[in-house]
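Peer 1: Residue numbers (the UniProt record's numbering): 1 to 158.
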């Protein structure tokens, strides 16, 4: 099965094996390596000057570093950080730095999360333990036994 994308290390390994004596035609070698023949010939042709992958970086990288640390800090405490909170926070940072025309659009947010390897998903029972309000620790002493009843009429605290 032919893949659609290869890393630089995979391409370099395939080209290294191509240079070794193997006695195969380009088509047979590509079939053995499970690579498209056209891709292999393009890699051989562009080996001396590989085409760089175009990736746009962040417009304001210092904002994104600050925002990423803020998100990770809040998540480490156990809080859920939503997309809306991320947008509000970056707009506060932009206003602080005097940039009034910055928009925290859906595209910007998606690219920010991709650059920082962040994701937002609904927490499941296995993914995150929510802080539970423990009545026994908080105000057990303020409750009286006669006011605390269970559904089956047995007292909860004794």
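Yeah, the Cβ is synthetic: ideal placement off N, Cα and C, and Gly gets one too.
1) Is it buried or exposed for residue 134, if we count other Cβ within 10 angstroms and need 16 for buried?
2) Taking 9 Å as the threshold (C-beta atoms), are residue 39 and residue 6 in contact?
3) From the DSSP output, in three-state form, read off residue 81 for me.
4) By the DSSP assignment, the alpha helix (DSSP H) with residue 112 in it spans what residues?
5) Less than 8 Å between the CB atoms is what I'm expecting for residue 18 and residue 29, so what's the real figure, rounded?
6) Can you tell me the Cα-Cα spacing of residue 12 and residue 101, whole angstroms?
7) Measuring alpha carbon to alpha carbon, tell me which of 70, 16, 83 and 76 ends up nearest residue 104.
Peer 2: On the basis of the supplied data:
1) By 1-based counting over the chain shown, the position of residue 134 is 134. In this prediction, residue 134 scores a pLDDT of 49, lower than 50, which makes its location untrustworthy; no coordinate-derived value is stated.
2) Reading the chain shown from its first residue, position 6 is the one you call residue 6. Reading the chain shown from its first residue, position 39 is the one you call residue 39. Contact: yes.
3) In the chain shown, counting from the first residue as 1, residue 81 sits at position 81. Note: residue 81 maps to coil in three-state DSSP.
4) Here residue 112 refers to the residue found at position 112 of the chain shown. Start and end: 106-115.
5) Residue mapping note: residue 18 aligns to position 18 of the chain shown, counting from 1. Residue mapping note: residue 29 aligns to position 29 of the chain shown, counting from 1. Rounded, the Cβ-Cβ distance is 6 Å, consistent with contact.
6) By 1-based counting over the chain shown, the position of residue 12 is 12. By 1-based counting over the chain shown, the position of residue 101 is 101. Those two C-alpha atoms are separated by around 44 Å.
7) As a working note, residue 104 is residue 104 in the chain shown. When only C-alpha atoms are compared, the closest one is 83.
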